[in-house]
Every structure is written in C-alpha cells, then in structure tokens.
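Asker: Protein chains in written order, with this note's numbering: chain G, 3 to 309; chain R, 2 to 666; chain B, 11 to 347; chain E, 19 to 185. Backbone N, C-alpha and C fix where the C-beta goes; we use that ideal spot for every residue, glycine too. Computed from a prediction, not measured in an experiment: that's the story for all the values here.
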Amino acid sequence: MNNTIDISHYAAIADSIRAEAARILEQGVVTAVVAYTTGRRAGSVQPVIITAAAEAERLTFTAASVNNLAVYLTKAKKDIPRSGRIGIVVKGCDLKALVGLMGESQLQRDQLYLIGIPCAGVLASTVRPAEALIAATLAPKCRECDAHLPEGCDYVPAVSLPSAPTLEPSYAAEIARLEALTPAERWAYWKEQFAKCIKCYACRQVCPFCFCEQCLCDRNKPQMVDTTPRPAGNTAWHIVRAMHLAGRCAGCAECERVCPMDIPLNLLNRKMAKELKELFDYEAGFAVHEKGPLNSFMEKDDQSFIK
Amino acid sequence: MSRIGVFVCHCGENISRTVDVERVAAHAATLPGVACATEYKYMCSDPGQTLLKKAISEQRLTHVVVAACSPRMHERTFRKAVEGAGLNPYLCEMANIREHCSWVHEDREEATAKACDIVGMMVERTKKNRVLPAITVPVTKRSLVIGGGIAGIQAALDIADAGHEVVLVEREPSIGGHMAQLSETFPTLDCSQCIMTPKMVDVANHPKITLYTYSEIELVEGYIGNFQVTVRKRARSVNERTCTGCGVCMTKCPQKKIPNKFDQNIGMRTAIYVPFPQAVPNTPVIDRENCTKFKTGKCGVCQKVCGPGAVDFEQQDTLIVEAVGAIVVATGFDLYSISEKPKGSPIKGYGEFGHGKIPDVIDGMTFERLASASGPTGGKIVRPSDGREPKQIVFIQCIGSRAREKGISYCSKVCCMYTAKHTMLYHHKVHDGQAYVFFMDARTPGKSYDEFWRRSIEEEEAVYIRGMVSRLYQKGDKIVVMGSDIAVGVQVEIEADMVVLATAVQPQQGADLLAQKLGISYDKYNFYSEAHAKLRPVECATAGIFLAGACQGPKDIPETVSQASAAAAKVMTLFSKDRLEREPIVARVREAGCVGCFACKKVCAYGAVEEKEIRDRQGNLLRVVASVNPGVCAGCGTCQATCPSKCVELDGYTDEQIVAMIEAL
Amino acid sequence: MQTYISHHNFHTLLDTLITGGIRVVAPRLTAGTLLYAPLGESGDMVLDQLPRRSAKEAFFPVCEDILSYEKGGQQVRLTDVEPATFPVTVLVGVRPCDAAAIPVLDAVFSWDYKDEFFLERRRKTTVIGIACTTADDACFCTAVGLSPAETKGSDLFLTPVADGGYLCDICSEKGEALVADGSSLFTELGNVTPLPFASPAVPAFDLKKVKGWLDGHFEDPLWDGTALRCVGCGACAFVCPACHCFDIVDEGTEKSGKRRKSWDACGFWKFTHHASGHNPRDKQPKRYRNRIMHKFKYYDDKFGQTLCTGCGRCVRICPVGIDIAAIVAEIDGMAVE
Amino acid sequence: MHPEKNNSSAFEPKIIAFVCTWCTYAGADLAGTSRMQYPSNVRVLKFPCTGRIDPVFILKAFQQGADGVLVSGCHPGDCHYIAGNFHARRRFAAFRKLLEFVGVDLQRLQFSWVSAAEGGKWVDVVTDLTETVRALGPMTEFKELALEEQWSGALTTPELKEAYLQI
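1) Determine the direct distance from the alpha carbon of residue 80 of chain R to that of residue 62 of chain R, and round the result to whole angstroms.
2) Using the beta-carbon of each residue, which ones in chain B are nearer than 8 Å to residue 198 of chain G?
3) Excluding the five sequence neighbours on either side, which residues of its own chain have a C-beta within less than 8 Å of the C-beta of residue 176 of chain E, listed in chain order?
4) With DSSP as the reference, label residue 69 of chain B as helix, strand or coil.
5) Would you call residue 306 of chain G buried or exposed, if buried means 16 or more other Cβ atoms sit within 10 Å of its Cβ?
6) Mind checking the region 95-114 of chain B against chain E and listing, in chain order, the residues whose C-beta falls within less than 9 Å of any C-beta there?
7) Under three-state DSSP, which class holds residue 185 of chain E?
8) For residue 433 of chain R, collect the residues of the same chain with a Cβ closer than 8 Å to its Cβ; drop the 5 residues on either side in sequence, then sort them by chain order.
9) Nearest to residue 24 of chain G by CA position, among G:254, G:186, G:5 and G:62, is which residue?
10) Can you give me the C-alpha to C-alpha distance between residue 25 of chain E and residue 22 of chain B, rounded to a whole angstrom?
11) Which partner residues of residue 257 of chain B appear in the DSSP bridge assignment?
12) Which chain E residues are close to residue 264 of chain B, counting only those with a beta carbon under 7 Å from its beta carbon?
13) Short check: CB of residue 261 of chain B to CB of residue 230 of chain G, under 8 Å?
14) If you follow the alpha helix (DSSP H) that residue 51 of chain E is part of, which residue opens it and which one closes it?
15) Interface residues of chain E around residue 263 of chain G at Cβ under 9 Å?
16) Can you list the residues of chain B that residue 7 of chain G reaches, using a CB-CB cut of under 7 Å?
17) Does DSSP put residue 196 of chain B in a helix, a strand or coil?
18) Please name the residue, chosen from E:118, E:143 and E:73, that lies closest to residue 59 of chain E on a Cα-to-Cα basis.
19) Going by Cα to Cα distance, which pick from G:222, G:34, G:43 and G:154 is closest to residue 58 of chain G?
20) Contact between the region 72-84 of chain E and the region 503-510 of chain R is defined here as three or more beta-carbon pairs at a separation below 8 Å; is this criterion met?
21) Please name the residue in B:117, B:253, B:326 and B:257 whose C-alpha comes closest to that of residue 65 of chain B.
22) Per DSSP, residue 502 of chain R forms a beta bridge with which residues?
23) Would you say residue 609 of chain R faces chain G, with C-beta separation under 8 Å as the test?
24) Measure the alpha-carbon distance for residue 210 of chain G versus residue 95 of chain G and round it to whole angstroms.
25) Given that residue 167 of chain E touches chain B, what residues does it touch there, using C-beta distances under 9 Å?
26) Let me know if residue 278 of chain R comes out buried or exposed under the rule of 16 or more other beta-carbons within 10 Å of its beta-carbon.
27) Residue range of the alpha helix (DSSP H) that residue 489 of chain R falls in?
28) Buried or exposed, going by whether 16 or more other CB atoms sit within 10 Å of the CB of residue 3 of chain G?
29) Taking the alpha-carbon positions, what's the residue 339 of chain B to residue 328 of chain B distance?
30) Cα separation between residue 178 of chain E and residue 165 of chain E?
31) Report the three-state DSSP secondary structure of residue 599 of chain R (helix, strand or coil).
32) If the cut-off is 8 Å on Cβ atoms, which residues from the region 211-231 of chain G count as contacting chain R, listed in chain order?
33) What do you reckon, are the CB atoms on residue 331 of chain B and residue 79 of chain B nearer than 8 Å?
34) Does any C-beta atom of chain R lie closer than 8 Å to the C-beta of residue 246 of chain G?
35) Please classify residue 19 of chain E: does DSSP put it in a helix, a strand, or coil?
36) For residue 346 of chain B, count the other beta carbons within 10 Å of its own beta carbon; 16 or more makes it buried, fewer makes it exposed. Which is it?
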C-alpha cells in the first residue's frame, strides 16, 4: 500500500492564501481573515484572525492546519462576522460545517469570502505537529474524506490536487466492530471511555454546531444533565451531545481531535450520520438544506420500530 | 416554600374499592411541601368542591392536587373551583388514580402503591407550576358546516337564523344527502322529500348562508375562533350565476344511460345532470368522465342549446379561503356495500348473500328509491332484473352490523325501524305480496317506535323470523333463502322474488382523511370521536369543532336533527363573545438565550413562530430571535423538544415540571 | 540521604504495598489514555511518559462528595463526608513538574480555611517522584525555575539509572518511613550511573520581571492578540497540576442527593457569570488573562509562589494552540527591569 | 406464602410511560372505563403531544431507575397538532439508534401508537413491555453508573457498598 501522502502543493497553497488574504484586506473586500499561522513549537500551526494586509505574510497552510476555523464565526465569536465580511480558509470538511451554519440561520453566504483548500489531508491529533504526513499519521477523518475539493468557494488556489492513496475507512470499521458486540459489551466500552471525561467541554467549545449560548447541560432549572464530571453525568452529557448533533454534524471531527482524554467522540457522530443516511437519506454536504433531517419529516418515514 | 393541598377522592367506591385512599392521603401528607392532605367521598360534588375551597383559604394553600379521575373528566371542574377560591387555575393538577389505577388493577396493595406514586409525581409537578394568565383571542363569528345532508342543513339554518354567516360545503352537486333519497320516514310515514326539500330551498335562499356544492375541504388551518379553511370548488362546467336551471341541456344530452348514484344506480341520467329534480342548487354539472365532449372532444350539444351560454368546458377547480370561527362536521354516513371488501377496511364482506351478483338482492337504500314516488320506477316496487312486481319479499337485518366476526361490532341503530317501514311500504304497494323479515333482535327504543314496529307485524302482515340466513341462491327466477327460525327451532326455506339487505351504516368514504385535515380524532370505524361520550357529545376534543349526525355514529333523523341543533347552539354560545378565553398552554421564547437557529420555526405546524429583531437604542440590529404568536400557537410543544438550548418553553409542560415528575419516581 | 532500588525490587515494593491494603496510585493506561489511577499490580504502571492528567487529583479529585441530603416528611437530614475514611495512598511515578505543584497547592488549601478534604489526603499520601530523562518542545520546567531533577513535593525521589534501577533520594520523613518499611528491598548505593536528565529547550523566564509587567498591564493589547482565538474550554486548567478552582453543586432530586465539589476553570464563560446576568469577564481574552495573571501574579502576590511548573500539558492539549510558554516569553521580552 | 409468588415479587420492573394527552392518555383512560386489567408497574407522564417529548426525558427516566420506558402517541395522521408525532417519530428513530450504540438494550425502550379508541392496545403494549422487562431483569447500567466515581473521588463506605449490592 502506498503509504505516503503527497502534500507538495501545500507550499503553493500557503503562498496563494497569503497573496489572496493580502489582496482582499487591501481592497476592502473583507474586514478580517480567519486563517492559520505558525506556532512556537516545531511544525505547529494555530488559528489566527488578521485584519491588515501587512499581517498576511504570517499566514500558512501545512498538514498541521487541523482546526476547523468555522468555530470563529459562531457563538462566542459572533462579533467577528458582525464586524463585516470575513475571509476564511476552509478545507472541505470545514466548509460543510459552514454550510450547516447557513442552514441554521447562523451565517449568511454573502457575509463570507471563502478561501477553499484543495486538501490532501491533515495530521492526526495523536502525533506531534512536526511529523511527516503518511497514512499512519493521517487524521482518521481524512481516511474517509469525500470532500477534498471544497465547492462554491470565492477563491481556490490554482493547484492541482495530487491523487491520494485509497485507505481503509477507520470509523466505519470501528462502528461495525462495536455494532457487532452485545449491548452489554458496548456499554462496557463506552462506560470506560466516558469515565475518563473531565467535563472540560473542549468538544463543545470547538464544535461549530454547539452554538447555543446557554447549553442545556449547563442549566440547573431543571438539571437535565448532571454537570459534575462523574460517570453518570459524563455519559448523559455525551449522549445529549451526540443527539443534538445528529443530522447537523458535518464530520470535521474537531471534538475528537481536541479531547484531552482521547474519547472517540467522532464515532458517535459518524454512527448517527450513518443512521440518518439510512433512515432519511440525509448527508451533510456543500448544499444548504432548508431543514435538517430532525426538523422535517415525511409521511412514509420508517416506523417499523413502533408498535 | 409551597403549601400544597392534596385531596384524594373515593369516587364513591370507584377508587376506594381498590385503592386505600386513607393511606394515599397519609402518604401525601409526608411529601415535602404538602401542607394538608385529606380524602373525601366525592371531590367533584358540591360539598367536595366546598371542602377544597375552604382548605385553600384556611390553609393558605399555594397549589392543589386532586387525586381522582382522569383530568380529561374533571380537570376543568377543579380548576374552576380553585379559581373560585382565588388561586390561578393552573396551580391545580389532577392525579389520575381512577382510570389509570383503581379501575385497571385488582390488587389493593399494588394499586395503593401506584396511587401513592401518581400523587407524589403530581405533587412534584405542581410545585413547579406557574401562574398562567388567560389568553384571549378574537372570534370570527362565521361558521363552516361540512356536509349538506339533514344534519348540515339543520345546523346551517339554526346558526344563520341566529344572525351569523354560514359557509355550507357539500361534496355532491346538490345538498339533501341521504334524507332526500328516502321515500317515507318512520314512525310517521311522512314523505321524506316533502319535509326535506323546503329546508333545502331555505338554505338556498338564506341571505346568511353561502353554499358551495360539488366542493370539498382542501385545508384547515388556525384554531378555535380563527380558522382559515380552503375549499376546493370543483369545476362544474356550468356557470352557476348565468344558468337558469331550465334543463334543456339535460334533455338534449346524447349520453342518457349513465347510472344515477342518487337512484342507487337503478335509474339513469345524462352526462350533464342534476342528481334529482328538486336539487339545490338547480344547476347541472357535467360528469366529465362520461361526457362525450370531454372524452373525445366532439359533441358540445349542451353548450349549443344553452340559451344563457352557461356551459363552460374550460372551467377549472377553484380554491376559496374562508375565515370562520367554528366548524360543524356533518358528513353523514354511507351504507356498506357488502359485495366487495373496500381497501383497508377491517370488514370482511358478505359475498355469500349474492349482493352485486344476484340483481334482485338489493340494499335498503335501493328499496327506498324503488318505493319513492320520485324514484326511477315512479314508486312502483319492481324487480331490477325483469321489472316484475315481487310477490314474496325477504328482508334480512343486521347485514354487517353486530357481526364481530365480519369486523363490525356496533348496531346500526336504524335498520330495525326502516325494515319495519319497508314491510309497510311494500304491503301498501303490493297488496297480495308477503314480506318476511329475518332478524336477530328488534331494537325499537324511541317515541312511537315500538308501536310502529308492532304495526308492521300486527296490521301489515309482515312475518318476522328470528334467526339468521345461512344461505341464499338463485334458482330460476327465484331466490332461495335458507335460514333458521330459532324461536321455533326449525329450518326455513323461502322462495323469494326479491331480497332486501339492511346493510350496516358506516361513515362516509374518506372520513378519516377529512378528520386528519381537521385534526379531530376518530374511532376504528372512522366515526368521529366526541370530546366526552356523555357530557360533551357534540363537541370534538379539538376546540371549535362540533359534530352533527351520523358522522359520529349511526343515528336516525330526529336524533340527527337534535344533534345538529345542539351543535348550532354550541356555535352560537361560542359566537356570543367577542373574544375567547383560551387555555394559556402556549410556547414562550426566552429571548436572552435564543440563538436564532429557528429549528422551532421549522417544526411548527401552525406557523406560530416568527422572527423578531432585537435592536439597541440606536436602532442597530443586534440579533434575530424566535418569537411565538400566542394566538396561533396550539401548544403541542414540538418546538421545545426541538430547541437545542431549550429557550422556547411550553407553559404548563415546562422541562422543570416534567423533570420533577421523572425525579419523583 | 540516598539509596538504591533495583527495578525488580521497586515492583516488589509496590506489590507488597498493594497486598498490604495500601492504595498505590501510578500512571496506568485507562481506556487507551495514560492517567494516574490505582494499581491492581505494579506491572500495570507506565513510567516512560507524562500522564495526560496531573497528579493533583490524588489530593484534589476531579469530583468528590461533600455531603449527602435526604428529605423525609418535613425534615432534611444531612450527612457529611468524613475525610477520616480516605485511604492511605502511595502516589508513584510523579514527575518533578507534578510533584512540585503539590506544595504550591498546600498554600491555598491551608490558608484562611483549612480544606480537610485536601489536607487529609495530603497527610495520608506518600509521593514517589521520578526524574525526567526526556522532554519535548512543550516542556518548560526549567523556564519557571524548576528542573527535571527537582525533588520539591516528593517524599522519595527516583532517578533512573543505566541498569534499569533507581537511585532514591529520601526527601522527607514519609519517604524515610517507606524505605524503612521495605528496607530489605533497598540496597547500598553502589557504582551506579544515573541517566542524564532531560533539558527542556525553553530559556528561563525572569519571573520577577514577568510579574512586574503583569502588575501594570491588566489592560493590554497582548490579551486580545494572544487569546482572541481561545474557544473557552477548560482543558488547560483541568490538565494543569496547579490550577485548583472548583465549583460546588447539589445534584439529586427533591428527595435525596449529594453536594459535590468538582474542578472548575476560569476559561469557562459561566465561571464569572453573575446571577444578575452580568459577566465581568465578558470576553474570552479577559478570561485567558486571568489564567496568566493568577499563575504569574496573583498567586505570587498572595503566597510568594508561581502557579506554573512548566509541565507543558496545556501547550500540548490546547485545541487552538495557545502556548503559555510562548506568551510568558513574550511578556518577559517586553518587560523592563 | 407461596414460593412462586415470592419469586415473581422479587423484581417488579419500573416502567415509565411518556404519552400524549389526546390519543394514548385517552386510550389508557378508555382501558380504565372499560375495566381492563394490566400490570400496575407503569407510571404515566402526560404530554400534550409526542412532539413535546425530549429524548433527554428518556435518558433521565433511565437514570432515575426506570427498567423500561414507553413512548406512545397518536397514529400517523391522527396527531391533534397536525404533525407532532411525525417529528417525534424521526427524533426517536434516531435516538434509539444512539442508545443502542452506547449499549442500551432496546427491548427496554418501546414506542407505540395507541389511539383514544385503543384501550385494548394500551393494555397489550403495557403488559408486553412489563413482561419483557421483567424477563430481562433490572436495568442495572444507569443505576451502577449513578454510584460510580472517578477513582480520586471514590469513597469506600459500607452504605455505598450496600447501595451497590442492591442494584
């Protein structure tokens, strides 16, 4: 199996982002650009919001450009789009999230200037940012990516996307493995995973779709979900989180990437995506849906589970 | 701290027989926040309510839980009582320990434990109840009546005579319904058309009644006092305004052999037709399926002969939106055609009686048309097969009705009486004929009914045979009817010339679809459900919608007319106020937390959620949030279950109330 | 005082403690993640990496009960949790950055209010520290005045030696008692070669200078510049060996429940949210500023100590790559005197 | 005392039913007015519509010790609120898949349409679920979870041990 992933075009992408960001800031097309810049540690990349053309030279794009920057346009960061039209660098998976946000009235297309990345993949959260991108260091979501090339962007760097090796999808395999277990075995698996949770809410804070200003799980009148980081409250939290994202999650897997306790959160999201595809033929994509699968219905929907 | 009063009802012995009410009250007294707990024989009685009111003032109660029957039975009663004692009615809840407990469990220990739990759950819920101020909405003082049979006509006339506008919608080309088809009526043998047609004319001439015939209900939106109803007026192909009703078109129409449904298909009509001569309106309609012009493009004779030029082949269906405040449903019944099993019907059919195969086996309504002076035979009772007068006629009752094995367990109520009537009509017209009736029981409650039935036997010589028919077959030009006379215990065999089946009364075809448009409930036979079998027999559970006639269950004419007038009275009561107080069970948005994703708006079936702009003092747009129009909100709460941050809450069913109940268990 | 224990004997020591009913807590793989956790046997211990969460939870649990309540009739019955029931514990494999944070926390938990939950666990726990022989580019203990060989906070401190055994520094009476109890397992310090200590790459900060700058820069463009991208999770605080904020909540029903104390984080929007709806730290940079201020100024003001031991955990796990070492270095660079 | 009786009374499942007021609650009322008999294990919570039923309530019910949960409303097309049950149907189709994936035995979570006319069906549905759950035994998963702690906050008191044994 071809183990290397060709990302030789990332340098050209970085150049193009710098040039385009400088141009749109210079010409006043946008008031700010949300992009990536280099960090202190070797190979590290972090989100940055620039407002002047001169800052554009700080921008970069590498295999460590893992963040879904869409989070900077919602919830606590709503001030950012309010300042004017915003340029934002998006990979295909990130764009799906933006499209979802548009469908949920959180953003309007004309507020955004989309810089789309022909993306060959990014690094897994388990490896250091300086590592080379090979199949073994590739983020699991990239193994089953169907959105290497974002559609409908305002600007896409003129680079050709190198052909990518075909890799076994890891989430699908893991979901199948868990599905084959007995309920008790699955419970035991998740119990152990959820027990680790410390309720740091990184999964929530980094998710573009967790845009509620008052999270249900922070409420105490009534206390729908125990807030303490104990196994009971943790389990409830993760079930509620997965349910609230069902039919909305676009698969950026940021929740799983940022979990300091390595809980495989995206498995829950992928499982729900799979079910919603089977039940209601719904999939997150590049087209804005007026209604999500869980706020619409068809009279002929499956009800084989109802007596 | 709440001071809750818990009142446990014995309901005579209905509750106390299986539930230890003293123990339930004692248990309630130990619950945190309960200030007093007591039991009483009949909480709903006047002394019971007085006890409740007294306790509220003496014990300074903040909330009340009445553990008694279903809230569907007496919630109103107790909320009113609580209101009378100066508390907001929504601070009172009922714990259902009768329908959900004492009546369904026999073990006293188990039932008592369950009752304690139910009371505990409701105590916790009630603690979280908030004062809900009443919501008032304007009332549109116009009414819609669906169905132009005797029920619809009576309701429409009563409401219109009270001075309110009525929109009457009828599916057929003419109003009149089944009563217009009948020959004479029991128990007086009045000519049905003689008493019916003047009422039809009254409808046509009434200044307050707008009549849409050949029309159906397309869509119903809104709520009590404020419905918007879309009526589909089907293309008649004849302009109602210009048509004078001269009838030349019908005489000239070359298509003359189309079975007339009004005559149970034994009489024929033209392709452009009125179903019967006294039709209201007297405007013909073109049956496009059978019209040569529509089938082949040729002909068009009717248009050519029409003086006023009223025939319009291009006419389209039109949709008319009517605003009304109340709806009377009077869609009536149909007789079940036993020869075939309709799709999706639980009824198995009666192929064995040869209906549809043996031409001289007919149903009761066909007999009515034969006996009717204005019918296809001019009132002569003759055999459809050869036009001969039947000398031996057999009536068979309970075809479909009371036959659980066939799928219908109810009694159709009118068949005993109309069969008795048929034997009389037959005897009056065929003096030398003999009528036989196979029956299971004769059910004749009603003023002068039993006397009427006896007359058919004692004076009109009908032979009643108690027993069912086992077999029926054609033999030459006779129909052999084999059955048993269980009263005497012998087998009976009659060579009949004609057989009349008293088939079951069923709701109209499509009754379920109309119910779904109206949002009213119906039973397994598609009869519409009243709000309460005894105390609210003409109201639907859906506010503002009332029932009249056989659409609710089999009824005879006087009953139908009574219910129609009752429904009209209910409508008038509703129209007696300019504004209506409605249950304040509506959704509210906590704007501070709303992020404006409008998931609530997407799931709201009523369009009650609007987008609201929040601006600062300078007028700058800060955010757009959801806002619920309390007049339009129906209170289903789907928005709340959908809202991710629970920033829309349904009053009366808040998360706090529900979680309190779950946590109480 | 120094002594030596072989790799094998060290495991025997721990297994003896475990079978003797002592709770031995050490880094252990838990559902795929290296965390401090009680050992069933010493073989489960993993000593070659820094655990994802710090050792503070041995004294300051993620979540603990304080009391329980029961309502019956018109009465409420409260039952306090008794710290006396806490188990005797040996905490093993604690890195210098984690161990050094423990005495720093002593200051805040025994200041005006004596937190018996913390202090009882502290009394009952013996800490076995271990020197670091490797570091990554997130490590910066040396920059905050500590080192991979720092014994602060340890009762017994191990330095790995070339043959796989450990050189043991006895740093306290508790450490001495532990060695005395297992004396047969410890041997004379022979001719051993300690492995070379790690050398983190971040240059030392001038913490006085940094504090001096912070004293005067509550409002500064730096906060927006560094923390606008902060998404407001609590990951940094929760993995930190020194962060010690907690929340107290009641969980349960109308009938019964528990009062619980659990970790809290200044990065959360709700941390300073008032009942009135007002939030003095209304924007994320203000919350992040508090994190830096608390670690390098407030704690110093109050207790004369720095609330950061340079473990680098927050640097590694921050979802948006906020690097406290880089920020403090920047402040250090800007500060004068 | 009869030994059989003793055995069967060892475990009485706790069943929580979330029902809509217009159809299933009325159907349960009808079962009452018709004096039908069914196991007393069920506790009914009334909602205006199945559309109001939040999946969190089901979770909460299990956390509060339910051994089985029933959600029941109007048949498709019969919703008093036009379409609340259609939304509920989708929501629960998804939610049950999630619960199944985290290891909840779906035999403990029943959905049904019971109309106001179906007193008999209510009796059947409640009886079936009660008996199914009785055969499965207690739902220990959430109850155990409620007693568990992160190791650092775990207490070892006799009361806790006793509580654990009683699950």
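Answerer: Let's see:
1) In the second sequence, residue 62 of chain R corresponds to position 61, counting from 1. In the second sequence, residue 80 of chain R corresponds to position 79, counting from 1. Distance between the alpha carbons of residue 62 of chain R and residue 80 of chain R: 14 Å.
2) One-based indexing of the first sequence puts residue 198 of chain G at position 196. Near residue 198 of chain G (Cβ distances below 8 Å), the residues of chain B are 40, 41, 43 and 45.
3) On the fourth sequence, residue 176 of chain E is found 158 positions in, with the first residue counted as 1. Cβ neighbours of residue 176 of chain E beyond the five flanking positions: none.
4) Counting from 1 along the third sequence, the entry for residue 69 of chain B is found at position 59. It is coil, neither helix nor strand.
5) Translated into positions along the first sequence, residue 306 of chain G becomes position 304. When all chains shown are included, residue 306 of chain G counts as exposed.
6) 95, 96 and 97
7) Sequence index remark: in the fourth sequence, residue 185 of chain E carries index 167 (1-based). Coil, per DSSP.
8) Walking along the second sequence from the start, residue 433 of chain R turns up at place 432. Taken in chain order, the residues that qualify are 392.
9) Position 22 of the first sequence, counted from the start, is the residue given in the question as residue 24 of chain G. Nearest option by C-alpha distance: G:62.
10) For the purposes of this step, residue 25 of chain E is identified with residue 7 of the fourth sequence, where counting begins at 1. For the purposes of this step, residue 22 of chain B is identified with residue 12 of the third sequence, where counting begins at 1. Summary for residue 25 of chain E: the model assigns pLDDT 44, below 50, so the residue's position carries little reliability; its value from the coordinates is reported in the next sentence. Those two C-alpha atoms are separated by around 49 Å.
11) Stepping through the third sequence from its first residue, residue 257 of chain B is reached at position 247. In the DSSP output, where bridge partners are listed per residue, residue 257 of chain B has B:272.
12) To locate residue 264 of chain B, count along the third sequence from 1; it is residue 254. Ordered by position in chain E, no residue passes the 7 Å Cβ test against residue 264 of chain B, which lies about 12 Å from the chain.
13) In the third sequence, the residue the question calls residue 261 of chain B occupies position 251. In the first sequence, the residue the question calls residue 230 of chain G occupies position 228. Yes, they are a contact pair.
14) Counting from 1 along the fourth sequence, the entry for residue 51 of chain E is found at position 33. Here the alpha helix (DSSP H) through residue 51 of chain E covers 42-51.
15) As a working note, residue 263 of chain G is residue 261 in the first sequence. Going along chain E, no residue has its Cβ under 9 Å from residue 263 of chain G, so there is no contact; the nearest lies around 11 Å.
16) In the first sequence, counting from the first residue as 1, residue 7 of chain G sits at position 5. Chain B residues near residue 7 of chain G: none, gap ~22 Å exceeds 7 Å.
17) Within the third sequence, residue 196 of chain B is the residue found at index 186, counting from 1. In this structure, residue 196 of chain B counts as strand in the three-state DSSP scheme.
18) By 1-based counting over the fourth sequence, the position of residue 59 of chain E is 41. Nearest option by C-alpha distance: E:143.
19) Working through the first sequence from its first residue, we reach residue 58 of chain G at position 56. The residue with the shortest Cα to Cα distance from residue 58 of chain G is G:34.
20) no
21) Along the third sequence, one-based indexing puts residue 65 of chain B at 55. Of the listed residues, the one whose Cα sits closest to residue 65 of chain B is B:253.
22) Translated into positions along the second sequence, residue 502 of chain R becomes position 501. According to DSSP, residue 502 of chain R bridges with R:364 and R:397.
23) Along the second sequence, read from residue 1 onward, the residue named residue 609 of chain R stands at position 608. Output row for residue 609 of chain R: interface = no.
24) Counted from its first residue, the first sequence places residue 210 of chain G at position 208. Counted from its first residue, the first sequence places residue 95 of chain G at position 93. About 12 Å.
25) If you number the fourth sequence from 1, residue 167 of chain E lands on position 149. In chain order: 71, 72, 73, 74 and 75.
26) On the second sequence, residue 278 of chain R is found 277 positions in, with the first residue counted as 1. Classification for residue 278 of chain R: exposed.
27) Locating residue 489 of chain R in the second sequence gives position 488, counting from the first residue. Segment: none, residue 489 of chain R is in no alpha helix (DSSP H) and carries neither H nor E.
28) The residue labelled residue 3 of chain G in the question sits at position 1 within the first sequence. Summary for residue 3 of chain G: the model assigns pLDDT 45, below 50, so the residue's position carries little reliability; its value from the coordinates is reported in the next sentence. Exposed.
29) Residue numbering aside, residue 339 of chain B sits at position 329 when the third sequence is read from its first letter. Residue numbering aside, residue 328 of chain B sits at position 318 when the third sequence is read from its first letter. If I take the Cα positions, the gap works out to 18 Å.
30) By 1-based counting over the fourth sequence, the position of residue 178 of chain E is 160. By 1-based counting over the fourth sequence, the position of residue 165 of chain E is 147. Approximately 8 Å between the Cα atoms of the pair.
31) Here the question's residue 599 of chain R lines up with position 598 in the second sequence. Of the three classes helix, strand and coil, the one that applies to residue 599 of chain R here is coil, per DSSP.
32) 213, 214, 215, 216, 217, 218, 221, 223, 224, 225 and 226
33) Taking the third sequence and counting its residues from 1, the one referred to as residue 331 of chain B is at position 321. Taking the third sequence and counting its residues from 1, the one referred to as residue 79 of chain B is at position 69. Going by C-beta atoms, residue 331 of chain B is not nearer than 8 Å to residue 79 of chain B.
34) Residue mapping note: residue 246 of chain G aligns to position 244 of the first sequence, counting from 1. It does; some Cβ of chain R falls within 8 Å.
35) Here residue 19 of chain E refers to the residue found at position 1 when the fourth sequence is read from its first residue. With a pLDDT of only 34 at residue 19 of chain E, under 50, the local geometry of the prediction cannot be trusted, and the value read off the model is given with reservation. In the structure shown, residue 19 of chain E sits in coil (DSSP, three-state: anything other than H, G, I, E or B).
36) Stepping through the third sequence from its first residue, residue 346 of chain B is reached at position 336. By the 10 Å Cβ count, residue 346 of chain B comes out exposed.
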